[in-house]
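Trainee: Heads up: the protein sequence lines correspond to chains A and B, in order.
When the count follows the UniProt record's numbering, it moves up by one through the first sequence with no breaks and lands on 524 for the last residue.
When the count follows the UniProt record's numbering, it moves up by one through the second sequence with no breaks and lands on 784 for the last residue.
Even for Gly, the Cβ is constructed at its ideal location relative to N, Cα and C.
For reference, the structure I am asking about is given below.
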Amino acid sequence: FPPVSFLSLHHLCLLLPSLPTDATAVRVLLSGDFKVSQAETRPGNDASDQLGAAAMEASLRAHRPAALLIFAFLSLLSVSSSAAQEIQILNAERRIDLSSQVAIVFLTLKVENTGKAAASDVLLAFPPTEAEHLAEVKAQAASGKKRKKTYAHLIVEPTDVPDAPNGAKGFRLALHNPLSPGETTTIEVLYMLTHSMEPFPAEISQSDPQLVYYRDSAYILSPYRIKQQTTFIKTPSTNVQSFSRVEPTNRAGMELKYGPYEDLPAYSYSPVLVHFENNNPFAVVEELVREVEISHWGNLQITEHYTLAHGGAKLKGVFSRVDYQSRPSASGVSSFKNLLARLPPRVHSVYYRDEIGNISSSRLRTDSRKSELEIEPRYPLFGGWKSTFIIGYGLPLEDFLFESTDGKRYLNFTFGCPLSGTVVDKLTLKVVLPEGSKDPSAVIPFPVEEHMETKYSYLDVVGRPVLVLEKKNVVPEHNIPFQVYYTFNPIFMLAEPLMLVSTVFFLFASCVAYLHIDISIRKG
Amino acid sequence: MASPESAVNGPTMTAGAASKSLRNAFGGVIAFIILVLIGVLAFSIRLFSVIKYESVIHEFDPYFNYRVTQFLSKNGIYDFWNWFDDRTWYPLGRVIGGTVYPGLTLTAGTIWKVVNSLNIPLSVETVCVFTAPIFSAFASWAAYLLTKEVKGPGAGLTAAALLAMVPSYISRSVAGSYDNEAVAIFALVFTFYLYIKTLNTGSLFYATLNALAYFYMVCSWGGYTFIINLIPMHVLLCIVTGRYSSRLYIAYAPLVVLGTLLASLVPVVGFNAVLTSEHFASFLVFIIIHVVALAYYIKGILSPKMFKVAVTLVVSVGLAVCCAVIAILIAVVASSPTKGWSGRSLTLLDPTYASKYIPIIASVSEHQPPTWPSYFMDINVLAFLVPAGIIACFMPLTDSSSFVILYIVTSVYFSGVMVRLMLVLAPAACILSGIALSEAFNVLTRSIKFQLPGIAGNPSIASEENGSSTVVAPNDIPKTEEAAKEKPAKKNRKKEKENVEKKPTPSKTEKRLLVLPLEASVIAVLLLVLLGAFYVVHCVWAAAEAYSAPSIVLTSHSNDGGLHVFDDFREAYSWLSHNTDVDDKVASWWDYGYQTTAMANRTVLVDNNTWNNTHIATVGTAMSSPEKQAWEIFHSLDVKYVLVVFGGVVGYPSDDINKFLWMVRIGGGVFPHIKEPDYLRDGQYRIDAQATPTMLNCLMYKLSYFRFVETDGKGFDRVRRTEIGKKHFKLTHFEEVFTTHHWMVRIYKLKPQRNRIRGKTKKSKSSRSVSSKRDVRGKRNPWH
């Protein structure tokens, strides 16, 4: 298994959020069906080149209706053959990256259809504890030879696995081309787990490093028989206190290797525990409320309310400023004091404050492609400490609001949390549409909860429709564009100015009337 | 009086009446525009704090008002009246609804509600920040009205412009300074205006409005007693000088009756409105004015001879009754310990009272007597213009001008007692300076105009103008008179010199006597303009540099011109609010009580309301005690965190070590085992190696300097400019839990009680000393 392919997919996933927000890119993401041609043949290439090529090709060959048709076709097929057990995995490799607070798992499966009928989908299984921390599952199927590999994005959706033991949760990957008997294919899966590392000891003092447990299975949980499998666990440092052994187990530097294990039956499970040092900041946004307010007068106003916490080992007892300031390397290594918010370009009127006023420790760097706001909370955050703050900024509307071909308007904006390296437990995104807009609908590449609200702002009479999108367990991979479509009649823009004008007019009219009418009772 | 008619509008003048009304309308419009501009000036000069810093509530008391307003806007008025606040004065609590002057809070709450009902989503904080600038615009308009009643619109506009930017008032009403005084000064001036208006018109309508304005003042500020003493004094003055009239009666009697009834509706005043000595003067004068009214009435219906008989009869009977009443009054007053006066009022009557008996009043810097520079700082050139204004008020002396004189005299006295009352002096100074400037310009420009015959364009029209206006003037139509006067006002203030060139100058013969030499007049006008310019420059400087700092954020300029922000207070409050339990009690000196409850939302022992001296003394005693005793006092009060402010690292002078002697004094005032001399070496307060052991072992010293020596290796205190006396020590009963970035706020946690078993093993070592201490502690700690 060439490690190059790991890199290429990884590149792709990380680069998706930073796609240029033009119409082409939007269509690429909507279609859910594109190829990166020869990505791995040119590993030294500039990433944007690959993307450009991908976008061009995708825009040529993929169209939304077509994708939908295929999807419908596939789901019909899958009903007939969902419980097919005649699949086995020839070779499985799992790479678990624990170097940040999110466990990033990269799974490569070589799947063979051993049955009689064609198989149209492949099932993945997760233990229930992992399933509830699962932030994102992405999959793609590789086809072709080593040098000319092409990738196709697969649709992943949760499903019930009928005979799964102990409440294991399943996900179904719908293959584009049904796997005919005897044929093999390679599937690559990327998934992320939040809150999967448990600090132990749970309370540390200011000078201690932060140690965490990571629990998993040495064997890959799968509804299929696996012929051969290996698991690699990458820790952030060489300081690994202990790890379970399921022979053969090797440790080399920052990498733990479990396996290879031969010929394991379906749903094999062997718990392992890794205890290692992880001093990366466990910056957890417990709740984030983002409000995006559209003003057709040319501004997009974003207000973000953060509840930030340090999710790592709690600070025990004393916080000494002397130690913190005089020995920064040895004191509070797991604490963090600044964060980076990546904002769209051409941002203006940025503010950073909390409920008791402005927080002066922030810096804004802007260039033509991005804006970076470096913020420091009022105090450094140690384990268990919390802080709240608000970031607000304005953006030019023409960068984000477009008119679709059917006359509707749509907002194209980034989902997710702009703070890099954070995990959001609960994200609420409110899109405040202008007063008088109708039929809002959102197009988002992953499932979210949706409902409507009404907000009254400056001089509103009927209120502004607010589309509220809620999602739990948000990781930086969710920072991808989404669209909100709505219809709006521009005449409503004039309502508020006319109201003000008429108020002033009536004020003057009543003044004139008052001056010219004698309302005294006594005439003299 | 008629001289302003000399102002002629321009060459478009046609026949008398039409042009006259046109000009009146024009003058009115200009005066109106000037007033609007003055309002804008008053508002915008107070925005330096928002522009230089941020839109935030300032200092200490405003945070309490802000918190009350938040409560009001969230829970409504009825909950506000019944609000018992358990977040402060733990474990006593405080009845907010009954102990707070609600005027400011209700005003801001109403503004917030109105604005939000119009779907303008302003936050409570924004409304609170901008309440003070809005009301200072109102105050300058009220000053215009008042001065206009006294000396005409010219003086009114000048006074309004002066008041809009007087530094003394700016110091209390910059944006963010959300304090009672901000609205109270408007209420004060407006009440005085309505009083004068009633006095001038004799209208019951204005008398009722006056009582309502007085009610608003009572709601807003404890300084309302100034009104209820000053107006009776003026009434008495009028009676004594033989100026009694039915207008005076209408101006006064309804105010006392309605005003007292309304005042007693405010919970914080209640029955004090009839029971305390501050209000007795008004009742006494109320009786006197009735006697005088009766005398005048009887005098009117009786023949002179009969009247004499009646006088002797009434005087003899009346004297007897008066003696009896006064005897009863004296007995009642003498029976109360403070003679029926509150501590702060007594401080006003006897400036040495507070320093002798109530250290807590004396410890507040704004209760100290002002120094001479502070007069110059706060009212600037007005101090020199006021005497001229007083002289102007004597020619001619009217009821209203005598009121203004009385106002300035009393407020000068009060401002001499307390710095804070400079605020009451400021409007009076502005009014009198406005009168002085206006009169001076009047005289000077008239003499210039009279002596520039070459400029007099078409004397025929001008004289016709003059003639028509002198005909109109005796008709005494108020509107004409007003409008006509507004015209020169504008000129006086803005276009002195242009007038000289443009306007023709007819003049009345009687005015010629007042003409000054041309050169002298021109030079005097120039000098006055210079004086005004100096005043403006000073005010802008004061607003921008001296009075705009919010005091919770400090800034300093580094050598390369960069700005360094010290935001330690909010850092600490924010830490407290997010990382401690919501019911934890925080002990600190009372200065930080309001801020802790408002910003950190934690329960405090004492706050800036200082209503319970014993409680404050307990905290003072704890801070001045050794660690163990302090721990016991705090522990008995359920305290979990102790907050101290320490400026030694960055050189912030108003920290707790510098305030520490007041803690010792106040603590020692109630618990005599704390003795001030124990903390002083040869009468000197010091924290270096020469300091007394009591000082070096007290809690405040230890909490402030814990591990301080590790910052620079020497323990050099940058406020006291000395090395500290005791450098290396450990804390046994407290542990450091948070220190802010610049060390300005340090928070310690009380360590939990020791386990019994460990205590037993130690008992053999120090059983005697512990038992002997326990006896003393019984006396020291009132909460045991």
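(1) I believe Thr131 (chain B) touches Ala182 (chain B) by the beta-carbon criterion, under 8 Å. Please report the beta-carbon distance rounded to the nearest angstrom.
(2) Which of the three DSSP states is assigned to Tyr393 (chain A) in this structure?
(3) Curious, which full-length beta strand (DSSP E) runs of at least 3 residues does the segment 428-500 of chain A contain?
(4) Is there a Cβ from chain A that is less than 8 Å from the Cβ of Arg707 (chain B)?
(5) Counting only the same chain and skipping the five closest in sequence on each side, list residues whose C-beta sits under 6 Å from that of Val586 (chain B).
(6) Candidates B:Ala161, B:Glu571, B:Phe403, B:Ala388: which alpha carbon is nearest Met744 (chain B)'s?
(7) When the Cα of Gly311 (chain A) is compared with those of A:His195, A:Pro481, A:Asn166, which residue comes out closest?
(8) May I ask you to report which of helix, strand or coil DSSP gives Asn113 (chain A)?
(9) Along the chain, where does the alpha helix (DSSP H) containing Asn279 (chain A) start, and where does it finish?
(10) Verify the contact flag: Ala513 (chain A), CB atom, against every heavy atom of the ligand ADP, threshold strictly below 7 Å.
(11) Of the residues A:Met452, A:Tyr458, A:Gly463, which one's Cα is nearest the Cα of Glu435 (chain A)?
(12) Label Ile51 (chain B) either buried or exposed according to how many other C-beta atoms from any shown protein chain fall within 10 Å of its C-beta, with 16 as the threshold for buried.
(13) Drop a sphere of 10 angstroms on the beta-carbon of Lys675 (chain B), count the other beta-carbons inside from all chains shown, and report buried for 16 or more, exposed for fewer.
(14) Should Arg46 (chain B) and Ser245 (chain B) be called a contact, given that it needs their Cβ atoms to be closer than 8 Å?
(15) Starting from Glu376 (chain A), trace the beta strand (DSSP E) both ways and give me its first and last residue.
(16) By the 10 Å Cβ neighbour count, where 16 or more other Cβ atoms means buried, how is Ala213 (chain B) classified, buried or exposed?
(17) Of all the CB atoms in chain A, is at least one closer than 8 Å to the CB of Glu482 (chain B)?
(18) If the cut is a Cβ gap below 8 Å, which residues of chain A does Glu710 (chain B) touch?
(19) If we ignore side chains and look at the alpha-carbon of each, how far apart do Val409 (chain B) and Ala159 (chain B) end up?
(20) With DSSP as the reference, label Ser551 (chain B) as helix, strand or coil.
(21) Does the segment 246-266 of chain B come close enough to the segment 311-320 of chain B that 3 or more CB-CB pairs lie under 8 Å?
(22) Using the beta-carbon of each residue, which ones in chain A are nearer than 8 Å to Glu682 (chain B)?
(23) Consult DSSP for Glu291 (chain A) and reduce its assignment to one of helix, strand or coil.
(24) Near Lys628 (chain B), which residues of its chain fall below 7 Å by C-beta distance, leaving aside the five closest residues on each side in sequence?
(25) Is the shortest distance between the beta-carbon of Val737 (chain B) and the beta-carbons of chain A less than 8 Å?
(26) Checking contacts by CB at 8 Å: is Leu554 (chain B) closer than that to chain A?
(27) Listed in chain order, which residues of the segment 99-121 of chain B have Cβ atoms closer than 8 Å to some Cβ of chain E?
(28) Taking the straight line between their C-alpha atoms, what separation do you get for Phe569 (chain B) and Pro328 (chain A)?
(29) Given a cut-off of 8 Å, decide if Ser73 (chain B) and Val124 (chain B) are closer than it, judged by their beta-carbon atoms.
(30) Shortest alpha-carbon distance to Leu97 (chain A) belongs to which of A:Ile233, A:Ala152, A:Ala142, A:Glu450?
(31) Go ahead and label Ala202 (chain A) buried or exposed: buried means 16 or more other beta carbons lie within 10 angstroms of its beta carbon, across all protein chains shown.
(32) Using DSSP bridges, identify the partner residues of Thr208 (chain B).
(33) Under a three-way DSSP split, which group does Phe505 (chain A) fall into?
(34) Does the segment 426-435 of chain A touch the segment 277-293 of chain A, meaning 3 or more C-beta pairs lie closer than 8 Å?
(35) Of all the residues that make up the segment 557-580 of chain B, which are near chain A by a beta-carbon distance shorter than 7 Å?
(36) In the structure shown, what three-state DSSP assignment does Arg46 (chain B) receive?
Mentor: Concretely, from the data shown:
(1) 6 Å
(2) strand
(3) 438-443, 449-455, 464-474, 481-487
(4) yes
(5) Thr596, Arg602, Val604, Tyr641, Leu643
(6) B:Glu571
(7) A:His195
(8) strand
(9) Segment: none, Asn279 (chain A) is in no alpha helix (DSSP H) and carries neither H nor E.
(10) Absent from the structure shown: the ligand ADP. Ligands present: none.
(11) A:Gly463
(12) exposed
(13) exposed
(14) no
(15) Unbroken run through Glu376 (chain A): none, as it is neither H nor E.
(16) buried
(17) The predicted position of Glu482 (chain B) is uncertain, since its pLDDT is 41 and thus under 50; a value taken from the coordinates is nonetheless stated next. No, Glu482 (chain B) lies away from the interface with chain A (no Cβ there is under 8 Å from its Cβ).
(18) Val322, Ser326
(19) 18 Å
(20) coil
(21) no
(22) The sequence shown places Asp at residue 682 (chain B), rather than the Glu named in the question. Under the 8 Å cutoff, chain A gives no residues; its nearest Cβ is about 33 Å from Asp682 (chain B).
(23) strand
(24) His733
(25) yes
(26) no
(27) The structure shown has no chain E; the protein chains it does contain are A and B.
(28) 23 Å
(29) yes
(30) In the sequence as presented, Leu is not what sits at residue 97 (chain A); that position holds Asp. Ranking A:Ile233, A:Ala152, A:Ala142, A:Glu450 by Cα distance to Asp97 (chain A) puts A:Ile233 first.
(31) exposed
(32) Its beta-bridge partners do not exist; DSSP assigns none.
(33) helix
(34) yes
(35) Val565, Asp567, Arg570, Glu571, Tyr573, Ser574, Trp575, His578, Asn579
(36) helix
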